[in-house]
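Remarks on the structure that follows.
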Amino acid sequence: MENTTILSLRGITKYYPGVVALNDVSLEFRRGEVHALIGENGAGKSTLIKIISGAIKPDKGLLEINGKQYNSFDPFHAKQNGIEAVYQEFNLVDSLSVAENICFGENNGFLVDFKKMYEKARKIFEEMQVDIDVKAKVRDLSTAQQQLVEIAKSISRNAKILIMDEPSAPLSVSEVRKMFEIVRNLKKNGVTIIYISHRLDELFEISDRVSVLRDGQYIKTLETSRTNPKELISLMVGRELTESFPQKRGTIGATALELKNVCGNGLKDISFTLRKGEILGIAGLVGAGRTELARLIFGADKLISGSVLINGKPVRIHLPVDAINLGIGLIPEDRKRQGCFLEKDVSWNISISNLRSLLKWKTVVDKNKEKSLAEDFYDRLNIKTPTLMQKVKNLSGGNQQKVVLAKTLATNSDIIIFDEPTRGIDVGSKQEIYHLIRDLADQGKAILMISSEMAELIGLSDRILVMYSGRITGEITKEEFSQDRILELASGLN
Amino acid sequence: MKNGLIKTVINKYAIIFVLFGLVLLFSLLSPYFFTLQNLTNVFVQQSYVIIATIGLSFVMISGGMDLSIGYQMSLVGVVTAILMKNIGLPVPLSILLGLLLGVALGLTNGLAAITLKVHPLIVTLGTMTVYQGISYIASNQSVILNLPPSYKAIGQGYIGGIIPISVILMIIVSIVASFILSKTSFGRYVYALGSNEEAAHLGGINVNKIKLIIFAINGLFAAIASMILFARTGSAASSTGPGTEFSAMTSAVLGGISFKGGEGKVWGIIVGVLILGVLGNGMQLVGLNTYAQFIVKGLVLLAAVGFDTYQKASAQKASIKESTN
Ligand SMILES: Nc1ncnc2c1ncn2[C@@H]1O[C@H](COP(=O)(O)OP(=O)(O)OP(=O)(O)O)[C@@H](O)[C@H]1O
Ligand SMILES: [Mg+2]
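Residue numbers (this note's numbering), protein chains in the order written: chain A, 78 to 571; chain B, 412 to 736.
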């Protein structure tokens, strides 16, 4: 029972214009195992699972499930075989309720039985131990809550193989724990879980085996208990890479941003200062108000009372454009909705917030300047794309995130707010981004960094503020940094 | 590889081939069709539609819609005629005031859409009816005859005896609009709004301001279209203009402006209008009656939209095959 193969892939190959997304990949998945899939951004992980779930068809290769062979799956077929997927990009209908989304597409009758639907959704949430209003519209939920709904949706279908593509990316520590609880339960019931994540600590906690992809090639499958992060990283990247955080070289200067008793958007009485050359981390659970704080400073939501000072001068920020003019930049948390223009190409995306500096005769966009700006960031962030004219929707998730980073960094702001800057970004690129953020600080920029990743917060911040339920519950200085201290403050325990 | 390239060219410029195909077809069916006289006619007839459609495209590319352009044209035309004939203002001044009125009507639409926070489709459904009412009250439901010759020249005159003034206006408007949309930062913002309004807002684009300017441009272009149409008719009635919104919408969709926004080019719009224009003119010459023409035009639209969807779905497959070879 333990070692029976439930699904195997043989020689799967998939081409896109200018890229070989998967090259002759063969893999086996066993019943009741948690099988992690890792690799750098653009390695082909999402492509592989889309082939398994029938969303796309391979150009070559075979899929074998329950002893039968197929050239490809279609979504209906995959579902029939008990394959369910939580994709990297959400597949929820914004305007429908949570319960409707969970039960989407499974109405057997002519009329919708709302009572039954709500009941079902509530029961699943109960099992998952999460607290979400089943009648709420999906568009009113936070990114993390939407992710939990996605997971609930897949569980409700009694999957035999559950694919999860970076499910933890929008979640914070405590929700990740809940999710692991769910995964372990499913595993006990014999469900196979294919788990994609860039967070190595997670896969050591949850997975039985791990397979590595690099540049569309299958590299190796290992027993998780017999390997270590260092080995995995070198398999993924193809060279040695030590995980480390850059040292601070600059000095901390005058106050760049100050908030005094700020209220609004669910925030209560927020006061803090951020100084030039400093990286100020913001910790907290989902719903603590971290993103709300970022949006409020940036003028995307309304400030009700209190004041904001930049370089000691009170300012009024009504719109994001005011914030940008005052030298504030924001990298938003949801790249697909708030960050990028999926239908436009890479260089268009990088330049859109920065057109004013790319103009000739004050009106016309200078194509040469635009190109050199885009090329600059393409090199600096190591964006993987065949050309800069590629539509952003054709990039892998992590590379889309890099485009969003580039777009904001191009505005050359003095105060930069990062809301989950490395969401979906691979280990190697993470290091590059940490260095980039540290370099910005060393150049005298003031950095506010919201993150749900403990290691990142502790490793990169000079100081950490912890939020809980719309308030700042504590400030921790570098000497006192510890995961326990942060979690204690984040759960509002004192 | 080469095969694939030819395929993408055909896909991208499909509507141009459709236009050439129609021209060829009607040239075979009617000896009069492919004459300088008739082709000039088509351009003169369609010049105002092209201008109105380009204005509407600004709105559509930004993700909006304007149903009211027909009645904007009606109201602008009637008011301009009143200023010239009943009040006796000089023609250039009347035209200037008429154009300003167009801008004002466009701004009204924009303001309403922004403050009511409703989709412009609904907003302009409302303003359309308002503009209609005002136009009929202003004209007192009667026709203002014998507009001044210097005004009529806009729609009927020729420069150097061969090139129609209306066509020249159309060319100027097309070049200016194409320049704005494809070269300027403002143009980028128009596409940005239609692609992802939330990202545009957070990316530091003053969304409301851009929307207002877009509606103002649309109003101005509708007013220019109105001048040409009324000048060609030679008289002013409130019933002139309405209906243009549907020709414009149809042509825009034919020309590759998607209802979702974020996409479209000026050359596509011109080809879109000309396809409908050539169809209308050709069918007239062949002797099909007006109602049969409606049916054909409707079917052409459906075919175009269907082809577009099909092509987008198969584009991916095509390019995969291409890289396998
Ligand atoms: N629809 C598409 N059109 C063109 N290229 C594509 C398309 N989808 C994926 N690709 C390319 O295929 C490669 C693999 O992408 P994939 O999304 O599988 O990467 P990934 O391993 O999931 O990366 P990430 O960790 O960033 O999510 C990338 O180079 C990507 O640009
Ligand atoms: Mg991916």
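Where is the CB? At the ideal position from N, CA and C, for every residue including glycine.
Cβ-Cβ separation, residue j to residue i (assumed contact under 8 Å), whole Å
{"i": "residue 357 of chain A", "j": "residue 524 of chain A", "result": "7 Å"}
{"i": "residue 605 of chain B", "j": "residue 472 of chain B", "result": "5 Å"}
{"i": "residue 554 of chain B", "j": "residue 648 of chain B", "result": "4 Å"}
{"i": "residue 536 of chain A", "j": "residue 322 of chain A", "result": "4 Å"}
{"i": "residue 242 of chain A", "j": "residue 163 of chain A", "result": "6 Å"}
{"i": "residue 627 of chain B", "j": "residue 518 of chain B", "result": "5 Å"}
{"i": "residue 226 of chain A", "j": "residue 271 of chain A", "result": "Going by Cβ atoms, the distance from residue 226 of chain A to residue 271 of chain A rounds to 20 Å, so no, they are not a contact pair."}
{"i": "residue 126 of chain A", "j": "residue 269 of chain A", "result": "Not a contact, Cβ separation roughly 12 Å."}
{"i": "residue 535 of chain B", "j": "residue 478 of chain B", "result": "4 Å"}
{"i": "residue 383 of chain A", "j": "residue 339 of chain A", "result": "4 Å"}
Coil, strand or helix - residue i by DSSP
{"i": "residue 168 of chain A", "result": "coil"}
{"i": "residue 348 of chain A", "result": "strand"}
{"i": "residue 570 of chain B", "result": "strand"}
{"i": "residue 591 of chain B", "result": "helix"}
{"i": "residue 481 of chain B", "result": "helix"}
{"i": "residue 549 of chain B", "result": "helix"}
{"i": "residue 568 of chain A", "result": "coil"}
{"i": "residue 295 of chain A", "result": "strand"}
{"i": "residue 512 of chain A", "result": "helix"}
{"i": "residue 505 of chain A", "result": "helix"}
{"i": "residue 509 of chain B", "result": "helix"}
{"i": "residue 700 of chain B", "result": "coil"}
{"i": "residue 210 of chain A", "result": "coil"}
{"i": "residue 78 of chain A", "result": "Note on residue 78 of chain A: pLDDT 44, under 50, position unreliable in the model; no value is reported."}
{"i": "residue 668 of chain B", "result": "coil"}
{"i": "residue 241 of chain A", "result": "strand"}
{"i": "residue 162 of chain A", "result": "strand"}
{"i": "residue 146 of chain A", "result": "strand"}
{"i": "residue 728 of chain B", "result": "The pLDDT assigned to residue 728 of chain B is 43, lower than 50, so where the model puts this residue is not dependable; a value taken from the coordinates is nonetheless given after this. Helix at residue 728 of chain B."}
{"i": "residue 561 of chain A", "result": "helix"}
{"i": "residue 91 of chain A", "result": "strand"}
{"i": "residue 108 of chain A", "result": "coil"}
{"i": "residue 178 of chain A", "result": "helix"}
{"i": "residue 466 of chain A", "result": "coil"}
{"i": "residue 526 of chain B", "result": "helix"}
{"i": "residue 201 of chain A", "result": "helix"}
{"i": "residue 544 of chain B", "result": "helix"}
{"i": "residue 70 of chain A", "result": "Nothing in the structure corresponds to residue 70 of chain A, since chain A is present only between 78 and 571."}
Cβ-heavy atom distance, residue i to ligand 4, below 7 Å
{"i": "residue 474 of chain A", "result": "What this structure holds is ligand 1 and ligand 2, not ligand 4."}
Cβ-based contacts, 8 Å cut-off: residues of the region 532-546 of chain A near chain B:
none
Could you name the residues of the region 388-418 of chain A whose beta carbon sits closer than 7 Å to any beta carbon of chain B, in the order they occur along the chain?
396, 397, 398, 401, 407, 409, 414, 415, 416, 417, 418
Quick check: the region 593-603 of chain B against the region 681-698 of chain B, are at least 3 beta-carbon pairs closer than 8 Å?
no
Cβ-based contacts, 9 Å cut-off: residues of the region 350-379 of chain A near chain B:
372, 375, 377
As an exercise, report each continuous alpha helix (DSSP H) stretch of at least 4 residues that is fully enclosed by the region 347-435 of chain A, in chain order.
DSSP runs (the alpha helix (DSSP H)) wholly in the region 347-435 of chain A: 367-374, 397-402, 423-428.
Check whether the region 470-488 of chain B touches the region 500-515 of chain B, taking contact to mean three or more Cβ pairs, one atom from each stretch, closer than 8 Å.
yes
Mind listing which residues of the region 670-683 of chain B have their C-beta closer than 8 Å to chain A's C-betas, in chain order?
673, 674
Does the contact criterion of 3 or more C-beta pairs under 8 Å hold for the region 211-227 of chain A versus the region 246-259 of chain A?
With the cut-off at 8 Å, the region 211-227 of chain A and the region 246-259 of chain A touch.
Could you name the residues of the region 437-459 of chain A whose beta carbon sits closer than 8 Å to any beta carbon of chain B, in the order they occur along the chain?
440, 441, 442
Looking at C-beta atoms only, is the number of pairs between the region 491-499 of chain A and the region 404-414 of chain A that lie closer than 8 Å three or more?
yes
Sufficient close CB pairs (3 or more, under 8 Å) joining the region 287-296 of chain A to the region 107-116 of chain A
Contact between the region 287-296 of chain A and the region 107-116 of chain A is present, because at least three Cβ pairs lie under 8 Å.
For the region 502-518 of chain A against the region 452-472 of chain A, are there 3 or more C-beta pairs whose distance is under 8 Å?
yes
Interface residues of the region 98-128 of chain A facing chain B [CB-CB below 9 Å]:
none
What residues in the region 574-600 of chain B bring their beta carbon closer than 7 Å to a beta carbon of chain A?
594, 595, 596, 599
Quick one: any contact between the region 614-621 of chain B and the region 462-471 of chain B, if contact means 3 or more CB pairs under 8 Å?
no
Within the region 296-337 of chain A, note down every full alpha helix (DSSP H) run reaching 4 residues or more, in order along the chain.
306-314, all fully within the region 296-337 of chain A.
When Cβ atoms are compared, which residues of the region 520-547 of chain B fall closer than 9 Å to chain A?
none
Closer than 8 Å is the cut-off here; do at least three beta carbon pairs connect the region 445-454 of chain A with the region 420-429 of chain A?
yes
Are the region 366-375 of chain A and the region 518-533 of chain A touching by the rule of at least three beta carbon pairs closer than 8 Å?
The region 366-375 of chain A, when compared against the region 518-533 of chain A, does touch it at the 8 Å Cβ threshold.
The region 632-648 of chain B in contact with the region 558-573 of chain B per 3-pair CB rule at 8 Å
yes
List in chain order: all unbroken beta strand (DSSP E) runs of 3+ residues lying wholly within the region 454-501 of chain B.
none
Scan the region 613-624 of chain B for residues whose Cβ lies nearer than 8 Å to a Cβ of chain A and list them as they occur along the chain.
613, 614, 615, 616, 617
Within 8 Å, do at least three Cβ pairs link the region 630-638 of chain B to the region 441-450 of chain B?
no
Decide yes or no for the touch test of the region 459-473 of chain A against the region 203-211 of chain A: beta carbon pairs closer than 8 Å, at least 3 of them.
no
How about the region 153-171 of chain A and the region 118-136 of chain A: do they share at least three Cβ pairs that are nearer than 8 Å?
yes
Cβ contact (3+ pairs, closer than 8 Å) linking the region 491-498 of chain B and the region 690-697 of chain B
no
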